[in-house]
Ligand code: ADP
C-alpha cells in the first residue's frame, strides 16, 4: 500500500527530505546544506538551482527506503517563507539569485511606500507591516535592478514565486505555477480577505500580476511530479510556509491554540479561526490554513534573537562550548544575581519593531559570572515571550497553554521558566520536528489517507511533556520589572 508521505523541508540553511509513515513516525531522512551568499552588508541570497538540486538529491536518497515512488501517497513541502525566486517560465532557469527573507536591501522601497501614505492600507489588507522582510518589495527590486528579469517581463516569460512555488514548478516540469495561501499571504500582494493575488496591491508594490502563479489550497491533489523524476508521478498534496506548518504540526487547529518555535529566532502563532484578525499591537495577521477554499487565520509575533543569543554566548564570548551546556549553567545558580539581558543584537521584532535597538546587559557586579550570564540569556526568552503574550492579550487573545518546539525547546530549564513566567502550562512534543510533521499532516490528508486535517493531526501527533507553572508571583514581578527597565535602555 502506498501510504508513506515524503516531506521536503526547505529551511534557510539546509534542505531535507523526510519520509513519514501514515501514523506520523519518521522513517528516514536526508539533509544537505545550502550555500548562503552575502554579496553586500544586509544582502542574503540563495542559488535557486542549488535548492532544486539538493532537494532532488535528498528526495532520491530517501525514496528507496519507502520501497520506491509507488509506495509514496503524497509529497508535502514546508519552506522558508518570503524568499523570492525569479525564473524564465520557458526554460525553467532562474534569472538571478533568490533574495532571502533576511535580506534588508528593499528598505528604501518600504520607505518610499511609507512616505506615499500606503502603510495603513497595506497593514489592513495584507495583515503585514511595511518591512523588507516580505516578498513583494524583493520582486520589485529585481524588476528594477536585474536586466534579465526586466527582459523576461517584456517577453512575457517572467515567473516569480516563493520556494514552494519554485519547487512545484520544477517538480511538475513547468506544468504548474502555483503558490499556496500561507506563502502567498507573506508577499504584500494578497488581500487576506480576497482569493488570489490582488491586482491593486500588485500595482501599488510594482509587480506585474502575470508573473505570479495561482493561489491554491494547502492540502489536496495540488499537482503531480513529472513521471521521469522518481520513476512514477507522485501527487503533491501538501504545501505550507514553515511557521504555519509548525502550527499545524502542533495541532493548533482550534481558535486560541498557540505554538512558539525557538530556533535562531522565535515565532509565536495563535489560531484565530475563520475571521480575518486585525492587530492593534503590531502583530502580523496571516493565513494559517486554506482547505477547500476556506481559510483560517493566525496572529503571529516574531522575535529576532532566540537561539542566536545562545550561539553568541558560545561562539563569540566562549561562555559555553555547546548550546545545551547553558542548561546546566543556568541550574548551577539560584538566580541570575540581578543580571538581565535584552537580546536586541539585531534590533527588536514584535511587538516593539525597533530595528535601531541594540542589546544591553544590566545589573553586572563582581559576583556576576558565566552562570549568571547564561541564566540571564535563557531568562530573556521568557521575557521576550511575555512581551508577546501581553500584545496578544491586548489584541484579545489570551493563551492558556503554550506548545513549544524548535532546537532551543530541548532545554528543559527554559521550558520550565517559560511556564513560570507566563504562568501557564507549556507543552513540548517528544518529536520536535513539528514543521516537517505539519507538512506531513497536510500531505496525508491531501492524499486521502485521512478524511481531514484534524483526523491527520490527531493520528500523527506524538507524545507530549508538560511543564506546569510553579513560581511565586513576587519573583515573577521582580524579574519583569528588571526586564522593563533594561528594555528602556535598549
Ligand atoms: P533553526 O531552525 O532556526 O536553524 P533550530 O531549531 O535548529 O534553529 O535551533 C537551533 C538553535 O537552538 C541554535 O541557535 C542553538 O544555539 C539553540 N539550541 C539548541 N539546543 C539548545 C539547548 N539545549 N539550549 C539552548 N539553546 C539551544
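Residue numbers (our numbering): 2 to 491. Note that the Cβ used here is the ideal one computed from N, Cα and C, for glycine as well.
Identity of the residues DSSP links to residue i by a beta bridge
{"i": "residue 274", "result": "298"}
{"i": "residue 8", "result": "19 and 77"}
{"i": "residue 376", "result": "Note: residue 376 sits in no beta bridge, so no partner."}
{"i": "residue 217", "result": "181"}
{"i": "residue 211", "result": "DSSP, once it has assigned bridges, lists no residue as partnering residue 211."}
{"i": "residue 46", "result": "38 and 100"}
{"i": "residue 348", "result": "346"}
{"i": "residue 355", "result": "349"}
Assigned secondary structure, residue i (DSSP; H/G/I helix, E/B strand, else coil)
{"i": "residue 80", "result": "strand"}
{"i": "residue 251", "result": "coil"}
{"i": "residue 371", "result": "helix"}
{"i": "residue 327", "result": "helix"}
{"i": "residue 38", "result": "strand"}
{"i": "residue 305", "result": "coil"}
{"i": "residue 92", "result": "coil"}
{"i": "residue 392", "result": "helix"}
{"i": "residue 13", "result": "coil"}
{"i": "residue 362", "result": "strand"}
{"i": "residue 269", "result": "strand"}
{"i": "residue 311", "result": "helix"}
{"i": "residue 189", "result": "coil"}
{"i": "residue 399", "result": "coil"}
{"i": "residue 71", "result": "helix"}
{"i": "residue 490", "result": "helix"}
{"i": "residue 224", "result": "strand"}
{"i": "residue 33", "result": "strand"}
Host alpha helix (DSSP H) of residue i (start-end)
{"i": "residue 49", "result": "49–67"}
{"i": "residue 88", "result": "From DSSP, residue 88 is part of no alpha helix (DSSP H) but of the beta strand (DSSP E) over 86–89."}
{"i": "residue 229", "result": "228–231"}
{"i": "residue 320", "result": "No alpha helix (DSSP H) holds residue 320; DSSP gives it neither H nor E."}
{"i": "residue 204", "result": "200–206"}
Endpoints, the beta strand (DSSP E) within which residue i is located
{"i": "residue 289", "result": "285–292"}
{"i": "residue 240", "result": "236–242"}
{"i": "residue 261", "result": "259–263"}
{"i": "residue 342", "result": "341–343"}
Residue i CB to nearest heavy atom of ligand 2 below 7 angstroms
{"i": "residue 422", "result": "With respect to small molecules bound, the structure shown includes ligand 1 and not ligand 2."}
*Could you tell me which uninterrupted alpha helix (DSSP H) segments, each at least 4 residues in length, are contained entirely in the region 95–171, listed from first to last along the chain?*
Counting only runs of 4 or more, we get 108–116, 120–127, 136–146 and 148–155.
*Would you mind listing the beta strand (DSSP E) stretches within the region 401–485 that are 3+ residues and don't spill past its ends, in chain order?*
402–406, 426–430 and 465–468
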